[in-house]
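Just so you know, the protein sequences line up as chains W and B, in that order.
Each residue of the first sequence is one higher than the last, beginning at 0 in numbering that gives the first Met the number 0.
Each residue of the second sequence is one higher than the last, beginning at 0 in numbering that gives the first Met the number 0.
First up is the structure itself, then whatever we jot down about it.
There are 2 protein chains.
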Amino acid sequence: MNGQVPPQSPPQNIEEFNDRLKTVSTGLPKRLRQCAEYLAENVDRIAVSTVAELAAAADVQPSAMMRFCQIMGFSGFSEMQRLFRSIYSSALPDYSVRLANLRDRGADSPSALLAEFVDAGRMSLERLATAVDARLLDQAVASLASAQMIHLVGLRRSFPVAAYLSYAFEKMQVPAMLHDMTGRMDYRQALRPGDALIAITFAPYTQETIDLALAAHAAGLPVVAITDMAMNPLRVPGIVPLQVSEVDFGEFRALSATLSLAITLAVSVGSRRNGVK
Amino acid sequence: MNGQVPPQSPPQNIEEFNDRLKTVSTGLPKRLRQCAEYLAENVDRIAVSTVAELAAAADVQPSAMMRFCQIMGFSGFSEMQRLFRSIYSSALPDYSVRLANLRDRGADSPSALLAEFVDAGRMSLERLATAVDARLLDQAVASLASAQMIHLVGLRRSFPVAAYLSYAFEKMQVPAMLHDMTGRMDYRQALRPGDALIAITFAPYTQETIDLALAAHAAGLPVVAITDMAMNPLRVPGIVPLQVSEVDFGEFRALSATLSLAITLAVSVGSRRNGVK
DNA sequence: ATCAGTATGGAATATTAATTCCATTTCGAA
DNA sequence: TTCGAAATGGAATTAATATTCCATACTGAT
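See below:
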């Protein structure tokens, strides 16, 4: 019954894929139905598996899977996989290129720029939601919740984040001290046993932040680091690393993801301390 | 120096991968460093790309990428990819599913909270993108671009925004002054003809911010107000109102939309001043 | 039970990607 | 400046993977 594949343009996105899956899957013979069912339930595996793997998991022959791909409107498995791979990495198209294009078209009006930042912000938030390590987050909250005083350090680009944390902790009556380095004074003698520290720093890393964080760590205080990449100077054993990769635009980033993470940390610590559920 | 790869067991998970990345990346030659940097920032692409694609994106030859994989302790690219593919299929389906998972971990867990903030942030950004008045934005940029000096005021909850603007302007060498009210001193005599002011305030409005903004306005300076509601104390003729309605969660908000608007303003003003197209 | 039309399994082939190898270039010490 | 070692680019090789093909097994109508 499904021998002849009607010449059809392949699905371009998940919705089209699902639609086609639905319409196609009525009256499919056994093996092809297995394919449909397996793929419907395991959409996320398509991007990272080979036909052979998927076929084995669906308990059919690779050739059956191939036929199914064609019935779905793709030229073959590769084309289908291409769709899912592109969707998967949609969280990171090349922003600088897009922006360059936008500017070349003379569309550098403030509103166009805003659209870019909004977009970048949304992507950053999505990445944060998918990439955050819940275990590390729990760990960070636990170590901060029992601290006598929470020291905050973040300079230059990261200063707003530290400042916001300071505001949030004050609101929740959690003792916190913002090290803003005014007057080049680094109140590091304020770090006392029983305290903890949150350090926020992004490439290019600010030395003062690193120094204070390492000093606290050396003194045996719990340290939580909010940073960007995997390779950063605060990646040392014992420091809880919370990684945020903000999609940025040139030298600037909107800090959406970073602030969301920070506020989460603050509220979690605050409610745990105050016994609020 | 990196010719001989010490026989080493390959990283088994992201943590180990990151650790190894860190230790390895000191004193790497040019091309290999490019690999390290690219991969560090694009970890999520590894699962769904070919060596050739990654190499091209990192602007190196495939063989360089292969060498890097070996330095990382893998037998080759395939083994490294295997690690990321296995993590992918277990850890993250799609974003919305992931959010649901985060929430499922218990209502008061940090991860659940993070999901809420991420969601709130996204909604705020969407609203901002659709609700912003392009004309007012243009007007704000125009009046700021010609100012001699830009004064910034935002206290308490809004302070991080003012601080970030201050950072951004400094980066772009636009003269700006952050009125942070330390020591309860309000340098209002610093407001001079030819200057302009950006005031950021949200309900409950901080009196000092209002005062300074009104003083500037009375002195005939252009004033741009970043605020929430339509009815706010700065809604007076002559003050350019930029409205942001941040969706908040509990008592706190992540400021995603506000910061995006702020950074847009800063970059627009900066590039108009510096004549950058 | 027989036949025509499908469906299926599995091996054969074509394609694409990973990996290696080596000639050439670059870098740094003498 | 010269030499040797390390790094690099790119082509050649090898391995893996997708895709096709066809002989065989079903299925259901007569």
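All C-beta atoms, glycine included, are put in the ideal place defined by N, C-alpha and C.
None of these values were measured; they are calculated from a predicted model.
Chain B has no Cβ within less than 8 Å of the Cβ of F76/W. Proximity of chain W to T263/B at the Cβ level (cut-off 8 Å) is accounted for by P109, L112, L113, F116, in chain order.
Two segments are said to touch when three or more pairs of C-beta atoms, one from each, lie closer than 8 Å; by this definition the segment 178 to 185 of chain B does not touch the segment 110 to 127 of chain B. When Cβ-Cβ separations below 8 Å define contact, A56/W makes no contact with chain B. In terms of Cβ geometry, L241/W and L135/W form a close pair [threshold 8 Å]. If you check the CB distance, V246/B and S123/B come in under 8 Å.
Counting along the chain, the unbroken alpha helix (DSSP H) around M64/B starts and ends at 61 to 70. Of all C-beta pairs linking the segment 179 to 199 of chain B to the segment 153 to 165 of chain B, three or more are shorter than 8 Å, placing the two stretches in contact.
Against A253/B, the close residues of chain W are S255, L258, S259, I262, in the order they occur along the chain (beta-carbon pairs closer than 8 Å). Take the alpha-carbon of D43/W and the one of F73/W: they are about 18 Å apart. The segment 206 to 223 of chain B makes contact with the segment 131 to 148 of chain B: 3 or more CB pairs, one atom from each, lie closer than 8 Å. Not a single CB atom of chain B sits nearer than 8 Å to the CB of L53/W. Taken atom to atom, the span from the alpha-carbon of K21/B to that of A212/B is near 48 Å.
Between I199/B and P174/B, the CB-CB gap reaches or exceeds 8 Å. In the three-state reduction of the DSSP assignment, V42/W falls in the helix class.
When the beta-carbon positions are compared, A261/W and A119/W stay at least 8 Å from each other. Taking a C-beta distance under 8 Å as the contact criterion, S244/B and P109/W do not qualify as a contact pair. The Cβ neighbour count for P10/W, taken over all protein chains shown within 10 Å, is at least 16; the residue is labelled buried. In this structure, the straight-line span from the alpha carbon of L264/W to that of D227/B is close to 25 Å.
For a Cβ distance threshold of 7 Å, residue set P109 of chain B lies close to V140/W, ordered along the chain. Listed along the chain, the chain W residues whose CB falls inside 7 Å of the CB of S267/B are P109, L112.
The three-state secondary structure of G182/W, taken from DSSP, is helix.
Note that the C-beta distance between Q80/B and A57/B is not below 8 Å. For D185/B, no CB of chain W lies under 8 Å from its own CB, so it is not counted at the interface with that chain. Contact check for T205/B against L154/B passes: the beta carbons are separated by less than 8 Å. Not a single CB atom of chain W sits nearer than 8 Å to the CB of Y37/B.
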